[in-house]
Amino acid sequence: MELPRNLGTRVGILGGTFDPVHNGHLAVAEAVHQALALSNILFVPAFLPPHKPTYTISPFVHRAAMLELAVANTPGFSVSRLEAERVGPSYSIDTLRTLAQSLGNQVHLFFIIGMDAFAEIHTWKAYRELLNYASFVVIGRPDHCQQSCGQTVAANFPGYTLNEAQGFWQGESGQGGIHPVAMAPVKVSSTEIREAVRQGKEIGTLVPSAVADYIAAQGLYR
């Protein structure tokens with residue numbers, strides 16, 4: 000498995016279907032990059048999401064190519080195609096284990112997740128083991144980020160307590176921390192973009208221009 004070079008020692012992992020990647024994804028990555036002083040954000044498109052969407056997912060090669068175009072000119076943003084090698088569903092525990100083993104103990108991984116998904120973390124495969132390989136970064140709205148994150152931590156991660164001075168939850172055994180990051184939501188979704196393309200509408204304000212050009216050139220979402 001090949002990974003981008005010079006990722007540094009504090010690497011954020013942002014996974015998803017990215018069908019297509021949009022400005023909301025990039026805004027989240029930038030907010031986390033700054034809030035936690037990360038050396039790099041590694042975007043990891045899923046080959047086959049375990050919670051399968053109700054629509055036919057675009058081929059992996061297109062979704063990965065759009066991501067690479069979206070981050071091409073942004074220092075500190077990279078893309079990994081490691082999920083292309085996966086057989087079966089893309090479970091986060093498998094991805095994080097692979098990345099942790101490949102990058103080594105000197106690299107601290109930060110797994111980025113939205114508040115809605117974090118609230119359902121108990122439904123994920125081996126969810127408590129995720130913290131053996133990475134800290135969590137939980138993205139939520141400014142008006143309830145800390146409170147909602149705390150409720151989910153209390154319900155699902157026994158032994159984790161809030162470090163009030165530093166504003167994150169930490170465990171007793173040196174596992175990864177759980178960091179809330181509040182940001183105003185960016186009102187854009189991949190579903191909205193796919194529908195706009197089907198209707199022949201302009202999407203240039205929703206995705207990077209290179210992504211809009213790729214979608215048009217490849218005839219995606221028609």
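So that you can map any letter, position 91 of the sequence shown is 90 in numbering that gives the first Met the number 0, and since no number is skipped, the others follow by simple counting.
The beta-carbon is built from N, C-alpha and C at its ideal position, and this holds for glycine as well.
Keep in mind it's a predicted model, so treat the numbers as computed, not measured.
Tell me the rounded alpha-carbon separation between residue i and residue j.
i    : j    : result
F245 : H121 : Lying before the first or after the last residue shown, residue 245 is absent from the chain, which here runs from 0 to 221.
N162 : A28  : 24 Å
L81  : C144 : 31 Å
A183 : D142 : 9 Å
P48  : G166 : 31 Å
T204 : V187 : 10 Å
F59  : G158 : 39 Å
A216 : H21  : 17 Å
Y54  : I192 : 14 Å
G103 : Q174 : 15 Å
L13  : I112 : 7 Å
L68  : V106 : 26 Å
A36  : L25  : 16 Å
A116 : L66  : 21 Å
I138 : Q33  : 13 Å
Name the one or two DSSP bridge partners that residue i has.
i    : result
L130 : In DSSP, L130 forms no bridge with anything.
W168 : L161 and I177
N72  : In the DSSP output, where bridge partners are listed per residue, N72 has none listed.
V78  : F42
A13  : Reading the sequence as shown, one finds Leu at residue 13 and not Ala. DSSP output for L13 lists F42 as bridge partner(s).
Under a Cβ-count criterion, where at least 16 other Cβ atoms within 10 Å of its own Cβ denotes burial, should residue i be classed as buried or exposed?
i    : result
S189 : buried
R197 : exposed
S172 : exposed
E194 : exposed
G87  : exposed
For the ligand HEM, any of its heavy atoms closer than 7 Å to the Cβ of residue i?
i    : result
E191 : With respect to the ligand HEM, the structure offers nothing, as it holds no ligand at all.
Which parts of the region 95-147 are runs of the alpha helix (DSSP H), unbroken and 4 residues or longer, counting only runs that do not cross its ends?
114-118
Every unbroken beta strand (DSSP E) within the region 26-65, with a cutoff of 3 residues, ordered by chain
39-44
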